[in-house]
Amino acid sequence: MTDHQDDFKALRKEAYDAMDRGALAESSRHFEALLQREPDDPYYHYMRGLAHKYMLDWPVALRHNLRAIELSDEAGEAEHWNAAIAATALGDWPQVRRLWTACGIRVPEGEGSIVDDYGVAVVRLNPWHGGETVFIRRIDPVRGRLLNVPLPESGHRFGDIVLHDGAATGHRFDGEHKVPVFNELQRLVPSEFQTFVVFVNCDSRDDLQALLDATAPGIGYAEDWTETVRYYCMRCSYGTPHQHDADDSGEWQPDRNLGIAAQSRKSVEKLLKDWVGAGGSRRIDGIETRECDIPEREDGHEWWRGPDEDE
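Residue numbers in the sequence shown follow UniProt numbering, run continuously in steps of one, and reach 311 at the last position.
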């Protein structure tokens, strides 16, 4: 084997090893060097496009995936999906529609963005940092609108439209069916709703349900976080004094922690005032807001695989 072949083999190994470590910029540089030697290799174009997809660098991701499609002898699903994801992020809707059609995926007629019902799924927010999971209503093959009220620390809100990856990294039960879990890639459209963290006290589940079912102008959705957020004490985190009661006994917990999506604090106050006025022993302990930035993307591990994906 010549020195040239040895160098090329070593460069290939470095490119894939960097990808396996989650060192995306390094991997991209190596695949760029491979393409300088083999400019018409579709798989190197695909791999560089893949690195730039996870770098959220959409123009480069789209360019290399389209080149991979052009150079491939057979139509490959992966490069079509990754090109469609990048084109969706860029809002290139004619390109998006062509790519989904080439994949055999139905899209409604029209020329602009795709807005339809592609079912319910779960998305893992900021998968490179924490990875809170929430339900979404998919409006196209890789976009969904958040149906839950995510924690403020996620930087997301109820009603956000997010771009997600094409490959599922696990499944969750939605109460009736198993639904796929996708990694979020980017928030595309921020919601008009703010997230209010609300602490209340009530004597029964019926009291709580009355609040969750209540409607008022400016209210998007109310969610009981007490049963869904368990990895730390939310009241302690937000500085609301209270007694810690045992929560594994199966008995009703009067202290409830809620996330309420609303357009203003005034809307939340009106909702809670009406709820307290309709019950004898209902109490409001606090209303808090926190505005948090979306955590920066982090390299150094294969966050795109997801915790449920088999090695």
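Quick reminder that beta carbons are idealized off the backbone N, C-alpha and C, glycines included.
| Check | Outcome |
| --- | --- |
| With distances taken between CB atoms, is the gap from Asp299 to Ala23 smaller than 7 Å? | yes |
| Please report the residue range of the beta strand (DSSP E) in which Glu184 lies. | Lys178 to Val189 |
| Identify, in the order they occur along the chain, each residue of the same chain with its Cβ nearer than 7 Å to the Cβ of Ala83, setting aside the five sequence neighbours on each side. | Leu62, Asn65, Leu66, Ile69 and Leu99 |
| Which of the three DSSP states is assigned to Glu227 in this structure? | helix |
| For the alpha helix (DSSP H) containing Arg37, name the first residue and the last one. | Leu24 to Arg37 |
| In angstroms with no decimal places, state the Cα-to-Cα distance between Ala262 and Phe196. | 7 Å |
| How about the stretch 89 to 103 and the stretch 148 to 159: do they share at least three Cβ pairs that are nearer than 8 Å? | no |
| Should Tyr43 and Leu34 be called a contact, given that it needs their Cβ atoms to be closer than 7 Å? | no |
| My guess is that Ile219 and Val142 are in contact by the Cβ rule of under 8 Å, so how many angstroms apart are they, rounded? | Not a contact, Cβ separation roughly 29 Å. |
| Starting from Asn65 and walking both ways along the alpha helix (DSSP H), at which residues does that stretch end? | Trp58 to Leu71 |
| Scan the stretch 244 to 287 and note each continuous alpha helix (DSSP H) run of 4 residues or more that stays entirely inside, going in chain order. | 265 to 277 |
| In terms of residue numbering, what span does the beta strand (DSSP E) encompassing Asn82 cover? | It is not in any beta strand (DSSP E) - Asn82 instead sits in the alpha helix (DSSP H) that spans Glu77 to Leu90. |
| Counting C-beta neighbours from all protein chains within 10 Å, is the total for Phe199 16 or more, i.e. buried, or is it exposed? | buried |
| Should Pro190 go down as buried or exposed, given a rule of 16 or more other Cβ atoms within 10 Å for buried? | exposed |
| What does a CB cutoff of less than 8 Å around Arg283 pick up in its chain, not counting 5 residues either side in sequence? | Val200, Asn201, Cys202 and Val276 |
| For Val115, count the other beta carbons within 10 Å of its own beta carbon; 16 or more makes it buried, fewer makes it exposed. Which is it? | exposed |
| Thinking just about the alpha-carbon of each residue, which of Gly170, Arg172, Leu151 and Lys273 is nearest to the one in Thr226? | Leu151 |
| Which one of Glu269, Asp293 and Gly279 has the shortest CA to CA distance from Gly286? | Glu269 |
| Tell me, please, which residues DSSP counts as bridged to Asp140. | Arg143 |
| Do you know offhand how far Gly119's Cα is from Asn183's? | 16 Å |
| For Tyr54, tell me which candidate among Lys273, Glu26 and Arg137 has the shortest Cα-Cα distance. | Glu26 |
| With C-beta atoms as the reference, is residue 324 less than 7 Å away from Ser113? | In the structure displayed, the chain extends from 1 to 311; residue 324 sits before or after that span and is not available. |
| Nearest CA to the CA of Ala102: which residue from Ile161, Glu77 and Val123? | Glu77 |
| In this structure, how does DSSP classify Phe8 when only helix, strand and coil are distinguished? | helix |
| Is it right to say Pro127 is buried, meaning 16 or more other beta carbons lie within 10 angstroms of its own, or is it exposed? | buried |
| Comparing C-alpha positions only, which one of Phe135, Glu296 and Leu163 sits nearest to Arg172? | Phe135 |
| So is Asp7 buried or exposed if we call it buried at 16+ other beta carbons inside 10 Å? | exposed |
| Work out the CA separation of Gln194 and Asp213 for me, nearest whole Å. | 19 Å |
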